[in-house]
Amino acid sequence: MSRVTEVLNSQHIELPSWAFGNSGTRFKVFAQAGVPRDPYEKIADAAQVHKYTGAAPTVALHIPWDKVDDYADLARHAKDLGVAIGTINSNVFQDDDYMLGSVTNPDPRVRRKATDHLLECVDVMDQTGSRDLKLWFSDGINYPGQDDIRARQDRLATALAEVYARLGDDQRMLLEYKLFEPAFYATDVPDWGTAYAHTLALGEKAVVCVDTGHHAPSTNIEFIVAFLLRANKLGAFDFNSRFYADDDLMVGAADPFQLFRILFEVLRGGGFDREHGALDEIAFMLDQCHNIEPKIPGQIRSVMNVQEATAKALLVDREALAAAQAEGDVLGANAVFMDAYNTDVRPLLASLREEKGLDPDPMGAYKRSGYAEKIVAERVGGTQAGWGA
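So for the sequence shown, the working numbering puts the first residue at -2; every next one is plus one.
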């Protein structure tokens, strides 16, 4: 049990700044009262999640959504609130120039513009003390013959190499992939294999980010996790859920058993044993947009979902599992898994929170705090943050 409490007490789950702004589908964005109007207010809301969970000490930024004049001052603001700036996310998909792609665009001018933005994000990392640069590209083509598929891979490799060379010794590049959307015929980074191949060519500071919502239905994501861990190329998770397509639902909402299986492979592969702050440490991040649910409670619930799945993964009797596997006891091995998954870990987590001086019920504690009513009353006027703002 000491191992269980050790991991849970040290677990860090990074929050996305964009989860606190207005968001929605391609059809409609629903505004909510009290939504932040700038990155400073986003970080203030994120600090509330950490205040009640004790497990979310960093906030990822998205540039230019979170562009400010003084990033060092933004980092100081975060520190004053008890959190820190985490991953820096680039945006090379919300500009008219990127209609035919960003770093893979056939136009050299557009490729230069996109690469310069990625380099700008490394500058932001330098100013905020961030370790990770996360890259996701919407680049791809919609029709056969629209562009040269192989040439687009060459352009991608060229841009990645330039940005990689700009990284500091203690900085990493996280390459994310997505099966489709918005490209419908051929996406330039469509799967873990493509991301793995590019990061392998770049070097040890380039690793893969696994977004749990970016796969075809029934994909065995835990196999991908196991493979990348074995190759020392799993750098981060973007945790979320999806039922059919897209990926912005709360983590654990669609298939909590899958989340448990994924986190068991992280445990099995040594993902919780890595030295905090080292380049090979896995970043556990949320990547969600709350469209119809309140923002801060949605993030609190998400952190709790990850904690619960982690606790269950830690309860797997690995000695009994190994024995059953060695004997070819198919049902016995599966029963070990199911016994852990079916364990109610909420009392354990409540007890651990109390030991840390936290309320055992983070959702209830936030609701009772009055913070939601406070920001609704105070944040009047100005332009609410949201997609593209």
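Note that CB positions come from ideal geometry on N, CA and C, so glycine has one too.
**Q.** Range of the contiguous beta strand (DSSP E) that encloses D129
**A.** Element bounds for D129: 129 to 132.
Q: Use the C-beta contact count for K48: other C-beta atoms within 10 angstroms, 16 or more gives buried, fewer gives exposed.
A: With 16 or more other Cβ atoms inside 10 Å of its own Cβ, K48 counts as buried.
Q. Excluding five sequence neighbours on each side, which residues of the same chain lie with their C-beta closer than 6 angstroms to the C-beta of A386?
A. Residue confidence is low: A386 scores 44 on pLDDT, short of 50, so the model does not pin down where it sits. Its coordinate-derived value is still stated next. Correct list: empty, nothing qualifies.
Q | Status (buried if at least 16 other CB within 10 Å, exposed otherwise) for N19 | A | buried
Q: Report the rounded CA-to-CA distance for I221 versus T50, giving the unit in angstroms.
A: 29 angstroms
Q) Is it the case that the Cβ atoms of A306 and L355 are separated by a distance below 9 angstroms? A) no
Q) What is the rounded straight-line gap between the Cα of A228 and the Cα of N102? A) The straight-line gap from Cα to Cα measures roughly 31 angstroms.
Q: With a floor of 3 residues, list each beta strand (DSSP E) that falls wholly inside the stretch 121 to 164, ordered by position along the chain.
A: 129 to 132
**Q.** Proximity of V333 and A308 at Cβ, strictly below 9 angstroms
**A.** Using a Cβ distance threshold of 9 angstroms, V333 and A308 do not count as a contacting pair.
(Q) Buried or exposed for Q304, going by 16 or more other Cβ atoms inside 10 Å? (A) Label assigned to Q304: buried.
Q.
With the cut-off set at 9 angstroms, would you say A72 and T125 are in Cβ contact?
A. yes
Q. Exposed or buried, what is M444 when buried is set at 16 or more other beta-carbons lying within 10 Å of its beta-carbon?
A. The requested residue 444 does not occur in the structure, where the chain is confined to residues -2 to 386.
(Q) On the criterion of 16 or more Cβ atoms from any shown chain inside 10 Å, does E173 qualify as buried, or is it exposed? (A) buried
Q.
As a quick exercise: from Y368, Q285, N139, R265, pick the residue whose alpha carbon is nearest that of E316.
A. R265
Q: Would you mind reading off the limits of the beta strand (DSSP E) that contains T84?
A: Element bounds for T84: 81 to 86.
Q.
So, under 8 angstroms CB-CB, S14 and L58 are touching, yes? Tell me the CB distance rounded to an integer number of Å.
A. The pair is a contact, with the Cβ atoms about 5 angstroms apart (cut-off 8 angstroms).
Q) First and last residue of the beta strand (DSSP E) that includes L172? A) 169 to 173
Q | Cβ shell of P400 (< 7 angstroms), same chain only, five flanking positions each side left out | A | Residue 400 falls outside the range modelled here, since the chain spans only -2 to 386, and no answer is possible.
(Q) Would F261 and A310 be called neighbours here (beta carbons separated by less than 9 angstroms)? (A) yes
Q | As assigned by DSSP and simplified to three states, the class of E375 | A | helix
Q) Can you tell which of N331, L328, K292, E352 has the C-alpha that lies nearest to the C-alpha of Q29? A) K292
Q: With a cut-off of 8 angstroms on the beta carbons, I'd call L171 and D129 a contact; round off their distance for me.
A: 5 angstroms
Q: Determine the DSSP secondary structure at C118, reduced to helix, strand or coil.
A: helix
(Q) Assuming F177 and E11 are in contact, meaning their beta carbons sit under 8 angstroms apart, how far apart are those beta carbons, in whole angstroms? (A) That pair is no contact at about 26 angstroms.
Q.
Just to confirm, is the Cβ distance from S135 to V65 under 9 angstroms?
A. no
Q) So, helix, strand or coil for G383, using DSSP? A) Strand, per DSSP.
Q. What is the rounded straight-line gap between the Cα of D70 and the Cα of P141?
A. 48 angstroms
Q: May I have the straight-line CA-CA distance separating M16 from Q296, to the nearest angstrom?
A: It should be noted that the sequence gives Ala, not Met, for residue 16. Looking at the two C-alpha atoms, the distance is approximately 8 angstroms.
Q.
On the DSSP bridge list, what partners appear for M282?
A. E11, D235
Q: Could you tell me which residues DSSP pairs with A275 in its beta bridges?
A: Residue pairing by DSSP places A275 in no beta bridge whatsoever.
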